[in-house]
Amino acid sequence: MTPSRCCCVFNPITGAHQLIPFPKSPEFELETTGLTVDYPNSDQYKLVTISKVVENSSLFYKFHLLSSEQSGLWREIQLRTNTFISFSDNPSVYWRDSLYWLRSDGSVLAFDTKKEEAILIDRPEFIDHYVLSYGKILTSKDMSGSDIWLGRAQGLLTHVCIFRMYIVIGTCDSASSRWMVSQILDNFISGLDGIVIGFPVWIDTKQVSFLVQSNSPGYHDLYEYDAKINGYKNAAVLDKADYPEYIFHPTLACVHKSPSRNVTAAYQVYIAANLYDIKRFIIKGMSIQEDEEESSSSEEEDEEVAGGGEEIL
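With UniProt numbering, letter number 83 in the sequence shown gets 83, and the count goes up by one each step, no holes.
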């Protein structure tokens with residue numbers, strides 16, 4: 001088992017973590033992963049990996065699904081495809097029992113973790129339509145750069161595309177899996193040289209927010225939607241911002257501790273550093289009462305996971 005063959009699922013509050021080896025298969029080449037937690041109706045989590053497979057001149061996406069209910073058993077599901085399109089650096093998005101991965105052409109690969117079925121959602125039609133009016137997307141021909149994102153805002157699966165003149169936000173209709181434009185904004189997250197210097201921040205209870213590089217080195221301005229002006233305004237200045245931004249959902253999903261003999265010193269240092277950073281981020285946003293309640297809960301439940309985040313080692 002090499003570091004690239006292992007995933008670590010961890011609880012940033014208690015420090016409990018579990019190392020999970022990926023499926024052993026000669027043709028297995030890991031493309032991307034995703035983590036889901038069935039919250040609040042279950043205490044289980046699921047890990048999904050994707051690889052590309054060619055069989056008898058046919059192309060397939062191969063999914064491997066692992067449930068914490070049966071932590072040693074990987075299930076395999078395949079989806080035939082016409083072409084292999086690379087995945088963007090956008091983190092996977094969990095929405096309505098399914099994981100969604102953004103591909104570099106703007107299309108989306110979706111996997112339903114309940115039905116164990118996969119589908120492809122077409123590239124939004126508005127991308128080609130608005131390119132003609134608003135200028136090409138800025139940073140790359142194949143859109144794999146920092147000009148297109150996928151996330152979840154106000155309970156909807158949301159596309160954000162950065163054009164030369166405008167920012168176009170679209171949402172997915174769950175019944176038809178079609179994209180609809182929900183908002184068009186002046187492009188305020190690009191510099192004078194035309195390079196994108198901002199990105200969305202996915203806060204699910206709000207409309208899409210944006211972090212934009214400030215004039216002061218190392219700082220970012222947080223722009224949030226203001227209903228009074230029907231537009232965006234600078235709401236705060238932050239001294240640290242990392243892309244991509246992950247969403248964390250507090251859960252009670254159980255993590256089975258990995259035996260210490262399976263965790264090398266290098267693993268321990270790496271895991272500890274990530275746990276410290278994320279724990280500090282979570283606690284910083286808590287009230288004193290919430291902090292006390294969480295501390296009490298952590299002592300009682302040593303193997304719970306505050307889910308939504310995973311690190312690939």
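Just so it is clear, CB atoms sit at the ideal spot from N, CA and C, and this is done for glycine as well.
Cross-strand partners of M180 (DSSP beta bridge):
T171
Taking one C-beta from the stretch 63-72 and one from the stretch 121-129 each time, how about it: are there three or more such pairs within less than 8 Å?
no
Top-ranked residue by Cα proximity to I167, from S216, P91 and V208:
V208
Using only CA atoms, which one of A110, I271 and Q183 lies nearest to V48?
A110
Within 10 angstroms of the Cβ of P217, are there 16 or more other Cβ atoms? Answer buried if so, exposed if not.
exposed
I'd like the span of the beta strand (DSSP E) that includes K52, first residue to last.
Y45 to E55
Enumerate in chain order the residues of its own chain whose CB-to-CB distance from L173 is below 7 Å, with the five nearest sequence positions on each side excluded.
The displayed chain sequence assigns Asp, not Leu, to residue 173. For D173, where only same-chain residues beyond five positions count, the Cβ hits under 7 Å are M180.
Residue of Y225, H220, D112 and G106 minimising C-alpha distance to W95:
D112
Alpha carbon to alpha carbon, how far is D97 from E116? Give it in angstroms, no decimals.
10 Å
Between the Cα of T32 and those of H220, S92 and V212, spot the shortest distance and give me the residue it belongs to.
S92
With H, G and I counted as helix, E and B as strand and the rest as coil, what does DSSP make of E31?
strand
Length of the line joining the Cα atoms of V160 and G170:
6 Å
Taking the C-alpha atoms as reference points, what is the distance between Q154 and I85?
29 Å
Is D89 buried or exposed, if buried means 16 or more other CB atoms sit within 10 Å of its CB?
exposed
Please work out which residues of its chain come closer than 8 Å, Cβ to Cβ, to D204, disregarding the five sequence neighbours upstream and downstream, and give them in chain order.
R152, A153, Q154, G155 and I247
By the DSSP assignment, the beta strand (DSSP E) with T158 in it spans what residues?
L156 to I162
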